[in-house]
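Top to bottom, those sequences are chains G and U. Per my numbering, residue 1 is the first one in the first sequence, and the count goes up by one each step. Per my numbering, residue 1001 is the first one in the second sequence, and the count goes up by one each step. Glycine included, C-beta positions come from ideal geometry on N, C-alpha and C. Given the structure is predicted, the values throughout are model-derived calculations rather than measurements.
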Amino acid sequence: MTSRDGDVSGALAWLDLAAERIDRWSERLAYELFRLALYVTMPGLVILVTSDVALRYLFNAPLQWGRDVNGLLLLMTIFCALPHAWDRAYHIRMEVFYLRLSTTRRRAVDVVSSVAGIVVFGLMAVQGARFVPFMIVAGETGEDLEWPLWPFMGFLSVCAAVMVARVFSNPAGVEEHLQYRVTGKPTS
Amino acid sequence: MSPTLIGIIGVGGMVALLILGVPIALAMAVTGAVGLWVLEGPGPALAHTLLIPWDEGRSFVFVTIPLFVLMGQLVFQTGLASDLYQGVRTWIGRVPGGMAITSVMACGAFGAVTGSSIATVATMGAIVMPEMRRYKYHPRLATGALAASGTLGILIPPSLIFIFYGVMTETSIGALFIAGILPGILTAAMFSAIILIRCLITPSLGPPGPGATWRERWTSTVGLLPILGLFLLVIGGIYGGVFTPTEAAGVGCTGVLLTAALGRRLTTLAMSKALEETALISAMIFAIIVGGYLVARFLAVTGLTEGLVSLLVGMELGRVSFLVLLIVLYLVLGAMLDVFGMLVLTIPFVMPVVGELGIDPVWFGVFAVVMAELALVTPPIGANVFVMRRTAPEVPMGDIFMGVLPFVGGEMIVLALLIAFPEIALWLPGQMG
Chain G
1 MTSRDGDVSG ALAWLDLAAE RIDRWSERLA YELFRLALYV TMPGLVILVT
51 SDVALRYLFN APLQWGRDVN GLLLLMTIFC ALPHAWDRAY HIRMEVFYLR
101 LSTTRRRAVD VVSSVAGIVV FGLMAVQGAR FVPFMIVAGE TGEDLEWPLW
151 PFMGFLSVCA AVMVARVFSN PAGVEEHLQY RVTGKPTS
Chain U
1001 MSPTLIGIIG VGGMVALLIL GVPIALAMAV TGAVGLWVLE GPGPALAHTL
1051 LIPWDEGRSF VFVTIPLFVL MGQLVFQTGL ASDLYQGVRT WIGRVPGGMA
1101 ITSVMACGAF GAVTGSSIAT VATMGAIVMP EMRRYKYHPR LATGALAASG
1151 TLGILIPPSL IFIFYGVMTE TSIGALFIAG ILPGILTAAM FSAIILIRCL
1201 ITPSLGPPGP GATWRERWTS TVGLLPILGL FLLVIGGIYG GVFTPTEAAG
1251 VGCTGVLLTA ALGRRLTTLA MSKALEETAL ISAMIFAIIV GGYLVARFLA
1301 VTGLTEGLVS LLVGMELGRV SFLVLLIVLY LVLGAMLDVF GMLVLTIPFV
1351 MPVVGELGID PVWFGVFAVV MAELALVTPP IGANVFVMRR TAPEVPMGDI
1401 FMGVLPFVGG EMIVLALLIA FPEIALWLPG QMG
């Protein structure tokens, strides 16, 4: 084996290791984000909507900032759930032809799906990160809520980046090899 | 290269991605993002790709989706749905085909607290199918009735498809919910009549079920009251203008939680599963909506939509001809796509023509949902049939599709009535507070 071959195989081994780490960490991160949605933001959404209705009709004192906070909780719920939803195969595709493709062709379609996901969520992650300094300078807040919105934009950008990592690591969006599940036992 | 040509290439590319099996949300989103990049440059493409989810993700109307999904999931996971079935069975189980008619009514009642057709079939199928097996119902009638009745879940409010359509077209979700009530009742009546007539002609198809004493009837009816009360609270609140659909969904969720807690059915596992399913389903719907918006924005920039509208209007098709054309289109698309994909792909093109022809968007929403119902039970996709097959693995898929056929005929009659008498859908919303 020449030193050039050794360099190539070393680089490939390093890439393999990097890909494996990205897979492991992003899956864990996607799972933790999902748990945040399940146990914090979604129950918060239900409690807030109901309390707002009760306060409005029983005490004629609706929460002025209710809609703004609801919107932010919804945004967080959705973006926290997206990467794990990809891992759990909660995406709809036209399966008529896909299921009839050979394994190799199906893998090729999965690579195309992965590239599409990386493009879309990559753009979101990049633009989100670029918007944050702009929002800080502009001092952007909600309509009725005087909170700065930039942390939420930053959060969206992070979730989009996790999504990029998931579509890269799990191009087919299948759950067979998942380590983390909320109500089921780990599959491996 | 002209924007129209770029638009045509974009649509062609998107269709190719869809046919290959790329997830619908990604196929649409990447087409929209890349198309906008080509037409307007990187700045606007980046801005649109971020700002659509940022704006839609914080929309108060969109909050309705996870809340109604959660409400249905809670009813499903806490076992409240079985009360519905028992309540109806004691009253009509004894007539010919009574168990199948019960399944229609129970699906309609379950549809009144959930917005998902698949959840309706999965829930009611698991409860009713063993009973129909026990009373020796013909497998085609049993599975066909259940798969078809599951579609009532998306017509009787609350309905996820109505919310989805309302969000996409900026049509009042409250009005859409109310518009679905009469067509939903009409469909349930049509399905029940089909079962009754078939069982009167061929009694062996669906022998009468067990009788019940008056005491049993009243006791089981009391079990129905909490769910009935929730439906009246949610839909009555929207109808009377007391709640917005989002508020009604929040109140409905809390109502189901309290009902389940009082009945000692609210376990940690049930709650966890309901939250989990809700988050996953909502994320999936949101991704499709964002993809749909991105591709719609791209099409608007290309001018392709306007060109298509001018072409269709220039053909002077008229309302009925246009709708017949759409029925054919939706039947073809429904054979290949999920209902969300079917709607999100057609709405950007169809809605401008709907407006141009003076068709009421609320009425069109009901029409679209009825078409979605048909897509759910027609081959080769027929999602409800696949769910039914999981519940009744001994019945071949072909038999379930055959069993569904009479109900598809019934659904087409309902569709014809809707086209001939739009008031069926529009009368109730016209009376709203």
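What does a CB cutoff of less than 7 Å around residue i pick up in its chain, not counting 5 residues either side in sequence?
i       : result
G/R28   : Y180
U/A1279 : none
G/A81   : F34 and A37
For chain G, is any of its Cβ atoms less than 7 Å away from the one on residue i?
i       : result
U/D1338 : yes
U/W1030 : Note that residue 1030 of chain U is Val in the sequence shown here, rather than Trp. Yes - at least one Cβ of chain G is within 7 Å of the one on U/V1030.
U/F1298 : no
U/T1049 : yes
U/V1251 : yes
U/G1236 : no
U/E1247 : yes
U/P1422 : no
U/M1284 : yes
U/A1261 : no
U/L1026 : yes
U/F1060 : yes
U/T1244 : no
U/T1268 : no
U/A1033 : yes
U/T1254 : yes
Using the C-alpha atoms, what's the distance from residue j back to residue i?
i       : j       : result
G/F168  : U/G1410 : 47 Å
U/V1234 : G/Y39   : 25 Å
G/E32   : U/V1022 : 27 Å
U/A1193 : U/T1202 : 14 Å
U/A1112 : U/P1406 : 24 Å
U/P1207 : U/F1386 : 26 Å
U/T1219 : U/T1213 : 10 Å
U/P1396 : U/N1384 : 14 Å
U/S1310 : U/I1006 : 19 Å
U/L1294 : U/W1091 : 50 Å
U/R1094 : G/R100  : 46 Å
G/I92   : G/D5    : 43 Å
G/V126  : G/L156  : 10 Å
U/G1125 : U/G1150 : 9 Å
Quick check on residue i - is its C-beta less than 7 Å from some C-beta in chain U?
i      : result
G/Y31  : no
G/N60  : no
G/V40  : no
G/A89  : no
G/L123 : yes
G/T187 : Per-residue confidence for G/T187 stands at a pLDDT of 39, beneath the threshold of 50, marking its modelled position as unreliable; the derived number appears in the next sentence. Not one chain U Cβ lies under 7 Å of G/T187.
G/T50  : yes
G/R67  : yes
G/V120 : yes
G/A165 : no
G/L149 : no
G/A85  : yes
Residues in its own chain within less than 6 Å of residue i by CB, not counting five upstream and five downstream?
i       : result
G/F59   : none
U/K1273 : Q1077
G/F131  : M153
Since I believe residue j is in contact with residue i (beta carbons under 8 Å), could you give me their beta-carbon distance rounded to a whole number of angstroms?
i       : j       : result
U/G1365 : U/A1179 : 7 Å
U/V1369 : U/I1154 : 6 Å
U/A1188 : U/V1104 : 6 Å
U/V994  : G/V120  : Within the shown structure, residues of chain U are numbered from 1001 to 1433, placing residue 994 of chain U beyond reach of any answer.
Using a cut-off of 8 Å between C-beta atoms, extract the partners of residue i located in chain G.
i       : result
U/V1022 : R93, V109, V112, S113 and A116
U/I1173 : In chain order: nothing, as chain G lies at least about 15 Å away.
U/L1345 : Correct list: empty, because the minimum Cβ distance to chain G is about 10 Å.
Residues of chain U with CB closer than 7 Å to the CB of residue i, please, in chain order.
i      : result
G/T141 : Result: empty, since nearest Cβ-Cβ is about 13 Å, beyond 7 Å.
G/I78  : G1057, S1282, A1283 and F1286
G/V132 : Chain U residues near G/V132: none, gap ~11 Å exceeds 7 Å.
Going by beta carbon distance, what residues of the same chain come within less than 8 Å of residue i, once the five residues before and after it are set aside?
i      : result
G/S190 : There is simply no residue 190 of chain G to check, as chain G begins at 1 and stops at 188 in what is shown.
So residue i contacts chain U; which residues on that side make the cut at Cβ distance below 8 Å?
i      : result
G/Q127 : L1046, A1047, T1049 and L1050
G/Y98  : L1020 and G1021
G/N170 : The premise fails here: G/N170 is roughly 12 Å from chain U at the closest Cβ pair, so nothing lies under 8 Å.
G/L72  : R1058
G/A81  : A1279, L1280, S1282 and A1283
Who are the neighbours of residue i on chain G, taking C-beta pairs under 9 Å?
i       : result
U/L1074 : What U/L1074 touches in chain G: nothing, since even the nearest Cβ is about 10 Å away.
U/I1009 : What U/I1009 touches in chain G: nothing, since even the nearest Cβ is about 16 Å away.
U/E1411 : Those within 9 Å of U/E1411 in chain G number zero; the least Cβ separation is about 22 Å.
Any beta-carbon of chain B closer than 7 Å to the one on residue i?
i       : result
U/V1063 : Included in the structure are the protein chains G and U, with no chain B among them.
Any heavy atom of the ligand SAM closer than 6 Å to the beta-carbon of residue i?
i       : result
U/R1264 : Here there are no bound small molecules, and the ligand SAM is not part of this structure.
Please list, in chain order, the chain U residues whose beta carbon lies closer than 9 Å to that of residue i.
i      : result
G/A161 : Chain U residues near G/A161: none, gap ~13 Å exceeds 9 Å.
Show which residues of chain G have a CB atom less than 7 Å away from the CB atom of residue i.
i       : result
U/P1379 : What U/P1379 touches in chain G: nothing, since even the nearest Cβ is about 10 Å away.
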